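Reviewing the structure listed below.
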Amino acid sequence: MNGTPRIVVLPGDGIGPEIVAATREVLDALGEFAYDERLMGGCSIDAHGTALTDEVLDACRGADAVLLGAVGGPKWDTTDPNAPRPEQGLLGLRKGMGLYANLRPVRPSPALVGSSPLREERIAGTDLLVVRELTGGIYFGDSGRDGDVAHDTCEYSVGEIDRIARTAFDAARRRAGGSGRKPKVTSVDKANVLETSRLWREVVGRVAGDYADVELEHLLVDNAAMQLVSRPADFDVVLSENLFGDILSDEAAMLTGSLGMLPSASLGAEGAPGLFEPVHGSAPDIAGQGVANPLATFLSAAMMLRHGFGRGEDAARIETAVDAVLEQGLRTADLASGDEDQVGTAEMTAAVLAELDG
Ligand code: NAD
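Position one of the sequence shown corresponds to residue 2 (our numbering), numbered consecutively onward.
Have a look at this one:
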């Protein structure tokens, strides 16, 4: 990428503005970025009557990347189907930016393996990435009701499977880097029952032909759900269609036991801007108190540097700094257990900045 990267920043609602401001400090420690801060979500409903204005969507499309905090909160909760909702902004962004791949890395920080619901010896060494197809499948097929009968149709085209498979194989290669480790993609389907899954398996197998250096394994989704908790450390990249990926990515996310630690990226076509955001929501219960855990957003910024700007080294610097402050024992309230000392957003941010400086 040439020149200063242009980032549209969407702090959103609740703790969003707090964690995004902290993340800008971290990014500023790594280089120069041009920020364009905009309203999206509940704050945009208050100002403009809609969660995402055309102007903001255009700005996002024209940026090098979009960094999002979180949206939503009780103020905008409504049962009125015609009232605007903050989540509409997220869906509008996905659609308007053509984001078809959702990437969720699951890498429990060594200092936090004790927070996992799994025993330490099972979770140790886990470092996997779930790549989920985001715009096809049963969520977007024809659906309806006829009397007592309802249907939801699952459809996938060769083109849709091909492009998400390439995202997964490319990500596997990038993750292995120069480590000498053979990258692996585990493709998840239900090919023993579903025709869309048989097409999925066929196309993924064909794409694998272009990636001779990457190992491919196929798993049925029921088996994958079991293996993810019984041997999580054996996975590298998990590739899945929309519905299976929705479920498996939450299952995989809980392996860490720490919602405040999980980043995500949503990517579109090669060269188009991606959207980077923490997995957690706007946490309205703690908004404005200065106690939010900013680490998932720092790690989302690391994904932006790696996947959006090709700056893997800077991404690794953030990840190493996050591991280091956790190793030092720093814990925000959501991570602290028992009588462990707690720090707020500002102290956690200062500690990460000190690591980056050191
Ligand atoms: P949530 O993730 O906001 O909060 C769940 C619990 O985790 C809360 O107790 C919260 O205090 C805590 N928590 C979450 N993130 C934290 C952080 N960074 N530091 C410390 N504690 C943290 O989920 P929810 O309560 O179900 O939803 C709250 C709002 O967020 C709702 O309006 C929901 O629609 C919205 N939401 C938005 C997104 C998004 O913007 N992508 C995702 C999920 C939920």
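We put the CB at the ideal spot given by N, CA and C, even for glycine.
What you are looking at is a predicted structure, and each value in this text was computed from that prediction instead of being measured.
DSSP, reduced to helix, strand and coil, places K183 outside both helices and strands of the structure shown, so it counts as coil.
In this structure, A297 has its CB closer than 7 Å to one or more heavy atoms of the ligand NAD. Here G275 carries a strand assignment [DSSP, helix/strand/coil]. Annotation: the stretch 54-112 contains the following complete segments of the beta strand (DSSP E) (minimum length 3 residues), in chain order: 66-71, 102-107. At the C-beta level, D237 and A173 come within 8 Å of one another. By DSSP's assignment, S45 forms no beta bridge with any residue. In the structure shown, the three-state DSSP call for I287 is helix.
Spanning the alpha carbons of L113 and E341 requires a straight line of approximately 13 Å. Counting only runs of 3+ residues, the beta strand (DSSP E) found wholly inside the stretch 222-263 occupies 238-241, in chain order. Secondary structure note for S198: its alpha helix (DSSP H) is the uninterrupted segment 196-209. Taking 7 Å as the cut-off, one finds at least one heavy atom of the ligand NAD near enough to the beta carbon of I16.
Per DSSP, the unbroken beta strand (DSSP E) holding A35 starts and ends at 35-38. For S110, the distance from the CB to the nearest heavy atom of the ligand NAD is not below 7 Å. Around the CB of R176, 16 or more other CB atoms lie within 10 Å, so the residue is classed as buried. Under the 8 Å Cβ criterion, the stretch 134-152 does not count as touching the stretch 301-308, having fewer than three qualifying pairs. Bridge pairing for A151: R146 [DSSP]. Membership of V27 in the alpha helix (DSSP H) is indicated by the continuous run 17-29. When only Cα atoms are considered, S259 and V131 end up about 17 Å apart. Rounded to the nearest angstrom, the Cβ distance from V107 to L296 is 14 Å, too far for a contact under 8 Å.
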